[in-house]
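Chemist: Protein chains in written order, with the working numbering: chain A, 882 to 1040; chain B, 882 to 1040. The beta carbon of each residue, even a glycine, is placed where N, CA and C say it ideally should be.
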DNA sequence: GCTGAAACAAGTAGTGT
DNA sequence: ACACTACTTGTTTCAGC
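And the structure:
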């Protein structure tokens, strides 16, 4: 487990909201040198706390209007690995997890519309060897979507 | 619906993978001026296609080991709005959607461990007025997690 | 572990085609 | 819609505390 101090926490809070924020500006606000900001960010990368900076694309704006979570049941548990492999080939599936409960796998799909979603499920997912059935949870609206809190992050003294 | 050309597509492909990639470098690779890169990105922002750049934080590295999707059933549909309001106050809930199917709401929770998850569900979520019950889909492993494909984005000629 | 200065690279804005 | 130039700003490295 990593150790974070107040500076690390503050840097993380800022860059996760704006990955293009100038390091020099962060330095100014925290009243530290910009080389220190640089150093800390390098260490956070080395420790795998942050990996990459991404511009967030609004899926709706580029035509993907239907978002749906889908639970997948398998004929037998041993199919899991090969099913995951086949699911990975479908570009509209953005996330795939092994889960507890009624389903073996739980995936996230973005499709152009409901019809497109239906096609992906019936013509692609259901054709995969080992898939017994699926249940869809189509998202009518996303009420909120946010990043994890960092308030509890600082183990040391907060200056 | 927006119109995208080859340049827009290429810029999006690059900055969504590395939001800190110098615009001048993108310009060089696409053999255009860096002011054009700048212009295009400004337009993509104006159109809401991209909104912000975020550094991706690895939740596991900062102590959140348990990821779980949770379906929520309500006593009556009319509770939906106030329940969403109360869910938003729980910081470990990172996403909340209205969905079709067996559940009214579908949320994503990150907790320190299974015990912490149990506490959040029993002591917080289940106490909310209108919540009838929940089903948890704890993620044992995330096989993949990726961004949407942009191959189909270009409506015009690809040079 | 941190700062400060200096060399270098990138972002920005205005002008012209 | 795009490129070019001049100007401003940010990044990065390294010697020194």
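Could you tell me the distance, in whole angstroms, from the CA atom of residue 1037/B to the CA atom of residue 921/B?
Modeler: The predicted model places residue 1037/B with a pLDDT of 45, which falls under 50 and marks its position as unreliable; any figure quoted below should be read in that light. In a straight line, the C-alpha of residue 1037/B is about 16 Å away from that of residue 921/B.
Chemist: Taking C-beta pairs closer than 8 Å, name the residues in chain B that residue 934/A reaches, listed in chain order.
Modeler: 899, 900, 901, 934, 935, 936, 937
Chemist: Taking Cβ positions only, does residue 920/B come closer than 8 Å to chain A?
Modeler: no
Chemist: Just the C-alpha distance for residue 1016/A and residue 1000/B, rounded to the nearest angstrom, thanks.
Modeler: 28 Å
Chemist: Between 977/A, 1021/A, 948/A, which lies nearest to residue 962/A when the distance is taken from Cα to Cα?
Modeler: The option with the nearest alpha carbon to residue 962/A is 977/A.
Chemist: Quick one: is residue 1037/A near chain B, going by C-beta distance under 8 Å?
Modeler: Note that residue 1037/A scores 46 on pLDDT, short of 50, meaning its location in the model is unreliable and no value can be drawn from it.
Chemist: Could you pull out every unbroken alpha helix (DSSP H) segment of at least 4 residues lying fully inside the region 969-1027 of chain A, listed in chain order?
Modeler: 995-1000
Chemist: What residues in its chain sit with their C-beta under 6 Å from that of residue 946/B, if we drop five residues either side in the sequence?
Modeler: The beta carbon of residue 946/B is closer than 6 Å to those of 994 in its chain, skipping five residues each way along the sequence.
Chemist: Reducing DSSP to helix, strand and coil, say where residue 950/B ends up.
Modeler: strand
Chemist: At the level of alpha carbons, what is the spacing between residue 1040/A and residue 887/A?
Modeler: Interpretation of residue 1040/A is limited by its pLDDT of 29, a score under 50 that renders its predicted location unreliable; the figure taken from the coordinates is listed afterwards. Straight-line Cα distance between these residues: approximately 7 Å.
Chemist: Just verifying my parser: in three-state terms, what is the DSSP assignment at residue 930/A?
Modeler: Looking at residue 930/A - three-state DSSP - the assignment turns out to be coil, as it is neither helix nor strand.
Chemist: Which same chain residues end up closer than 6 Å to residue 1011/A when comparing Cβ atoms and leaving out the 5 residues on each side of it in sequence?
Modeler: 955, 956, 960, 964
Chemist: Taking the C-alpha atoms as reference points, what is the distance between residue 984/A and residue 913/B?
Modeler: Going by the C-alpha atoms only, they are around 49 Å apart.
Chemist: Could you check whether residue 969/B and residue 1025/A sit closer than 8 Å to each other, using their CB atoms as the reference points?
Modeler: yes
Chemist: Cα separation between residue 989/B and residue 906/B?
Modeler: 37 Å
Chemist: Using a Cβ cut-off of 8 Å, pull out every chain A residue sitting near residue 981/B, in sequence order please.
Modeler: Identification of chain A residues near residue 981/B by a Cβ-Cβ cut-off of 8 Å yields 1017, 1018, 1019, 1021, ordered along the chain.
Chemist: May I have the straight-line CA-CA distance separating residue 885/A from residue 981/B, to the nearest angstrom?
Modeler: 41 Å
Chemist: Could you tell me which residues DSSP puts in a beta bridge with residue 935/A?
Modeler: 935/B
Chemist: Exposed or buried, residue 935/A, counting other C-beta atoms within 10 Å across all chains shown (16 or more means buried)?
Modeler: buried
Chemist: When the Cα atoms are used, what is the spatial distance from residue 1007/A to residue 1028/B?
Modeler: 23 Å
Chemist: What does the alpha-carbon distance come out to for the pair residue 883/B and residue 975/B?
Modeler: 29 Å
Chemist: Can the beta-carbon of residue 991/B be found less than 8 Å from the beta-carbon of residue 948/B?
Modeler: yes
Chemist: Given that residue 957/B touches chain A, what residues does it touch there, using C-beta distances under 7 Å?
Modeler: Going along chain A, no residue has its Cβ under 7 Å from residue 957/B, so there is no contact; the nearest lies around 17 Å.
Chemist: Strictly by DSSP, which residues pair up with residue 955/A?
Modeler: Partner residues in the beta bridge of residue 955/A, as assigned by DSSP, are 1012/A.
Chemist: Just the C-alpha distance for residue 932/A and residue 937/B, rounded to the nearest angstrom, thanks.
Modeler: 6 Å
Chemist: Quick one: residues in its chain with C-beta nearer than 7 Å to the C-beta of residue 967/A, no 5 flanking neighbours on either side, listed in chain order?
Modeler: So the list reads 1009, once near-sequence residues are dropped.
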